[in-house]
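Chemist: Sharing a structure, written as structure tokens. Questions coming.
In mature numbering (1 follows the signal peptide of the UniProt record, and there is no 0), the protein residues as written are -39 to -1, 1 to 1057.
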């Protein structure tokens, strides 16, 4: 019944300078009864070849264990249920279909299993349709035949009366007609007697004539007999000769038959020889054709080789021509280079001559200038001696001004120092004033903020709730009936009830609407709540089966809280209808709620589903003010910003401008002429000659030969077709013509006289007597309607089988550093600690108890496990290591016991426990925590529980978050929050099928970066004694996780027991998060790898 998730955390400390973290390779072994599986997500060993120092290769044990990681053996399967399949089978059996069940079928995927169930459901539904059609046709035919029998009886009575009258009328008419015919026949008889006497006399005369002729013919016959005897003797001799000739003919025929037999044998021998010759001829001919076929293939290959070689030769020829052209181009360029080099040589010689002439002219100019400058130097020396005396007086005045400037600068430095100290003192005083001001201002602002927060704190912590109080029917005669309600925080509600005719559910009713309300928050934390009105939108009734009840007077009524009728709809339960109400009823209810005060069970309206047994319900509204009372806070007077102290600063004295330093120069000295630099003797200009390009060797001209062609096989000469062997045949002997057979005729016999034909004895003439044909009355036949054909009773048969699906848990691993940053594939420094985490997919329900769960991990070289820290963080795991570095982590028996136990809402196991009749039982349906940072979107999260409705009566449910949820817009839903408004609940009271599913638009707001998990609580009331089993299935994105089965026992009560009041499920946590009645288990695994240098 549980699903199991393992989370492993390990801490590794690096023992080398640097290393590449490439994931953790784990091998997991899970034993469930006789079934075992292992983790199938494997990270291969990586030697980290991008490091300066290559890590050691893995040991043989590590390599072998890494290869085993991710493997599995055996099968782990879970049942797959389908409500439509169950309903289809039940309906088919009720319709008379023979439903047979074969062995279970196991599928590799959920989609395949669901498709199998859908296919079975379709087959069962088709058989049910055929069976119902057959039964309906039989019943209709029998009914029609009964009506036809009655109609036929009525028709026969009418026709019998008509026939009695018709027969009497016909008898009288026939008697009159017979008397008239008798008189006419008497006259006709007398005329016939006269004619008969004449005909008799003529007949006797003809007989006498015939006897005379016969006497004469007897004499003629005697004479002819004597002549025949003489002729017979002559014919006997002719007959003997005739027989002898016939014998000769037969002998010749026998000889010819022997000849034909010998000729046939000779012909067969010739044909045998011809067949042998023909076979040898055809064999040789086939050999020739085979060789010709092979030679044709050789010719085709040679042709292809020739074409390929030709293409190669063409490419080589093109390359050859291209190289020749390149050689010619280079030769042409070299000729142009030689021409340019000759011209450059000529230009260099001309330039050298011009440079030499210019060099000699400059040397002569320099000598002339040097002579003139020598005369100028002599004149300037005389002028300098006179100017020296004047410069000494100007220098003394200059030094005096410099001393005055230095004195003023010293005084200003002292002033600046005094000003700086004054500014520091002013700044100190200002800082003290500012600090005092800011302290007062902070106290003032804090008081203002505290007062504001106190006034505004949690003024909206108000809970508005709608609950339904339903008076269901639990009736053995007419069936159980129930009324349920789902609500939204905005006041919207949906009331649902079912209609039962005593045998089955015939329909479902739904009332939708909204309770309009608002509240005002007051400064002191109290609220004023207003329940304004209630709006009824629509009432719909959906018929699903024929109403077979005698009493069909059904009415759905809406009453005000005081009993005033607001709406009534009478119907018979056989028709689907929808009534749009759009009716708003004013309530105008006002309630003052102090902080932490609540008002509950405010009845807003009543519902009556009236029939033989009425189902009543009412809407109850509650308001809860969770605001705190606002405390009184004193706010001090707002401080005034202080005036800052301005320091007294001395002005500095002005500093005179620095005097211009006098020079010792002699003004108006005559300047010497500039002597041009001695010209550099020009070097002979060498022309820049272009080197000629090397001419490539003349390429070897390619040939067109095709090497290595296959030789054709020699073809044997075509064999000569053999001539047919002709056998030597014997000619047959000629057969004489058959002799003419002699006759026994006697010529010239005497002819007898013809005898007249014997006269025909005249028949007596009968008079033409008239007969009277009496009229026969044809009675009227009644029109009999035929029976309609009654179809043959057919019993359809369908084969079904339970379906289960294989499951394979996989491990997902991640590696993080001490800052919880994923470092998979990153370098880590020596001495650092890293954490590994292992999470495996859920183990689906319907499995055996878990008897063993073990993980093994060959640590990579350079890491070492801190066993002590790991055992401290994972007390429920037994951790061992070996010298090869392999780590084994095995779940303890205490942890396994949690996986296989079933717990109720309060954390106390109720497996095999006792529940009294009337007590409420809370089934906790524990969900799976979908991890964060996953690679898929969450599209489905649904609990499906098949309640044993004959013993457990559904009361209510709740659903809470088991982790903090972060929506895509940043909204945070804290762990333990009621998530009912994000779900939809469907409960079928007839079958006990319960579903709670999160809405798709809400799941779409859960990003992949956020965890998601929820637990549901289903409250039922035990209504019957006996053993009660319960299990559920969690669907996450279509993947079923079926829980194990929990069984409780309810004894027969010695006396009536008053049921306990319903209680909301506790959301507190106790101990490890484990499935109570239905749910998933969580395995936590922590490990630490610390810094220990291995002994090399």
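Think of the CB as a built atom: it goes at the ideal place given N, C-alpha and C, for glycine as much as any other residue.
Since we're looking at a predicted model, the values are computed, not measured.
On a CA-only basis, which of 485, 731, 930 and 729 is nearest residue 589? Give me that one, please.
Modeler: Residue 589 has its Cα closest to that of 485, out of 485, 731, 930 and 729.
Chemist: Indicate the three-state DSSP secondary structure (helix, strand or coil) for residue 567 in the structure shown.
Modeler: Residue state, collapsed to three classes: strand.
Chemist: Of the residues 254, 325, 140 and 158, which one's Cα is nearest the Cα of residue 639?
Modeler: The shortest Cα separation from residue 639 among 254, 325, 140 and 158 belongs to 325.
Chemist: Going by the DSSP bridge assignment, what does residue 983 pair with across the sheet?
Modeler: DSSP output for residue 983 lists 913 as bridge partner(s).
Chemist: Can residue 884 and residue 981 be called in contact, C-beta distance under 8 angstroms?
Modeler: Yes; because the gap between Cβ atoms is below 8 angstroms, this pair is in contact.
Chemist: Which value, in whole angstroms, describes the spacing of the CA atoms of residue 13 and residue 793?
Modeler: Annotation note: pLDDT 34 at residue 13 (below 50); position unreliable, coordinate value reported separately. Between residue 13 and residue 793, the C-alpha separation is close to 19 angstroms.
Chemist: Compute the Euclidean distance between the alpha carbons of residue 160 and residue 173, then round it to the nearest angstrom.
Modeler: Taking the straight line joining both Cα atoms gives about 22 angstroms.
Chemist: Given a threshold of 16 other Cβ atoms within 10 Å of its Cβ, counted over all protein chains shown, does residue 739 qualify as buried or as exposed?
Modeler: With fewer than 16 other Cβ atoms within 10 Å, it is exposed.
Chemist: Roughly how many angstroms separate the alpha carbons of residue 175 and residue 190, rounded to a whole number?
Modeler: So the two alpha carbons sit approximately 24 angstroms from each other.
Chemist: Using three-state DSSP, classify residue 838 as helix, strand or coil.
Modeler: Strand at residue 838.
Chemist: Could you spell out the range, first to last residue, of the beta strand (DSSP E) harbouring residue 528?
Modeler: Run containing residue 528: 526 to 532, per the beta strand (DSSP E) assignment.
Chemist: Please go through the same chain and pick out, in chain order, the residues whose beta-carbon is closer than 8 angstroms to the beta-carbon of residue 98, but skip the five residues on each side of it.
Modeler: Hits under 8 angstroms: 752.
Chemist: For residue 196 and residue 703, which I take to be in contact (beta-carbon distance under 8 angstroms), what is that distance rounded to the nearest angstrom?
Modeler: Yes, residue 196 and residue 703 are in contact; Cβ-Cβ is about 6 angstroms, under 8 angstroms.
Chemist: Nearest to residue 293 by alpha carbon, out of 656, 243 and 728?
Modeler: Here the closest residue by C-alpha is 656.
Chemist: Can you list, in chain order, the residues of its chain whose CB lies under 8 angstroms from that of residue 142, leaving out five sequence neighbours each side?
Modeler: The residues are 731, 732 and 733.
Chemist: What does DSSP give as the partner residue(s) for residue 557 in the beta ladder?
Modeler: DSSP, once it has assigned bridges, lists no residue as partnering residue 557.
Chemist: Taking 8 angstroms as the cut-off, does the stretch 490 to 503 touch the stretch 518 to 529 (at least 3 CB pairs, one atom from each stretch)?
Modeler: Segments in contact, yes.
Chemist: Looking at C-alpha atoms only, which residue of 122, 178 and 754 is the closest neighbour of residue 717?
Modeler: Per the Cα distances, 178.
Chemist: Quick test of your reading: residue 42 and residue 938, contact by CB under 8 angstroms. State the CB separation rounded to the nearest angstrom.
Modeler: With 8 angstroms as the limit, residue 42 and residue 938 do not qualify as a contact, their Cβ atoms being about 30 angstroms apart.
Chemist: Between the alpha carbons of residue 316 and residue 310, how many angstroms are there, rounded?
Modeler: If you take the alpha carbons of residue 316 and residue 310, they lie about 10 angstroms apart.
Chemist: Note down the Cα distance separating residue 827 from residue 843, rounded to an integer number of angstroms.
Modeler: Between residue 827 and residue 843, the C-alpha separation is close to 13 angstroms.
Chemist: Which term fits residue 1058, buried or exposed, when burial requires 16 or more other beta carbons within 10 angstroms of its beta carbon?
Modeler: Past the boundaries of the shown model lies residue 1058; the chain is included only from -39 to 1057, so the question cannot be answered.
Chemist: What does a CB cutoff of less than 6 angstroms around residue 728 pick up in its chain, not counting 5 residues either side in sequence?
Modeler: Closer than 6 angstroms at Cβ, skipping near neighbours: 149, 150 and 153.
Chemist: Report, in whole angstroms, the separation of the C-beta atoms of residue 848 and residue 890, which I expect to be a contact under 8 angstroms.
Modeler: The pair is not a contact, with the Cβ atoms about 25 angstroms apart (cut-off 8 angstroms).
Chemist: Report yes or no: do three or more beta-carbon pairs, one from the stretch 72 to 88 and one from the stretch 114 to 126, lie closer than 8 angstroms?
Modeler: No, the stretch 72 to 88 does not touch the stretch 114 to 126.
Chemist: Please return the same chain residues whose Cβ sits closer than 8 angstroms to the Cβ of residue 210, not counting the five positions on each side in sequence.
Modeler: 696, 697 and 699, listed in sequence order.
Chemist: What residue range is occupied by the uninterrupted alpha helix (DSSP H) comprising residue 48?
Modeler: Here the alpha helix (DSSP H) through residue 48 covers 44 to 56.
Chemist: Do residue 411 and residue 563 come within 8 angstroms of each other at the CB atom, strictly closer than that value?
Modeler: Their beta carbons are not under 8 angstroms apart, which means residue 563 does not touch residue 411 by this criterion.
Chemist: Which of the three DSSP states is assigned to residue 970 in this structure?
Modeler: In this structure, residue 970 counts as coil in the three-state DSSP scheme.
Chemist: May I ask which residues mark the beginning and end of the beta strand (DSSP E) holding residue 516?
Modeler: Element bounds for residue 516: 515 to 521.
Chemist: Which residues mark the beginning and the end of the alpha helix (DSSP H) in which residue 650 is found?
Modeler: It is not in any alpha helix (DSSP H) - residue 650 carries neither H nor E in the DSSP assignment.
Chemist: Considering only the beta carbon of each residue, do residue 492 and residue 550 sit closer than 8 angstroms?
Modeler: Yes, the Cβ-Cβ distance between residue 492 and residue 550 is below 8 angstroms.
Chemist: Report yes or no: do the stretch 503 to 522 and the stretch 534 to 554 share at least 3 C-beta pairs separated by less than 8 angstroms?
Modeler: The stretch 503 to 522 vs the stretch 534 to 554: in contact.
Chemist: According to DSSP, is residue 345 part of a helix, a strand, or is it coil?
Modeler: If DSSP states are grouped into helix, strand and coil, residue 345 belongs with the helices.
Chemist: Between residue 795 and residue 777, what straight-line distance do the alpha-carbon atoms span, to the nearest angstrom?
Modeler: Cα-Cα distance, rounded: 6 angstroms.
Chemist: According to DSSP, simplified to helix, strand and coil, what is residue -6?
Modeler: Bear in mind that a pLDDT of 31 at residue -6, under 50, signals an unreliable position, so the number given afterwards is only what the model happens to contain. It is coil, neither helix nor strand.
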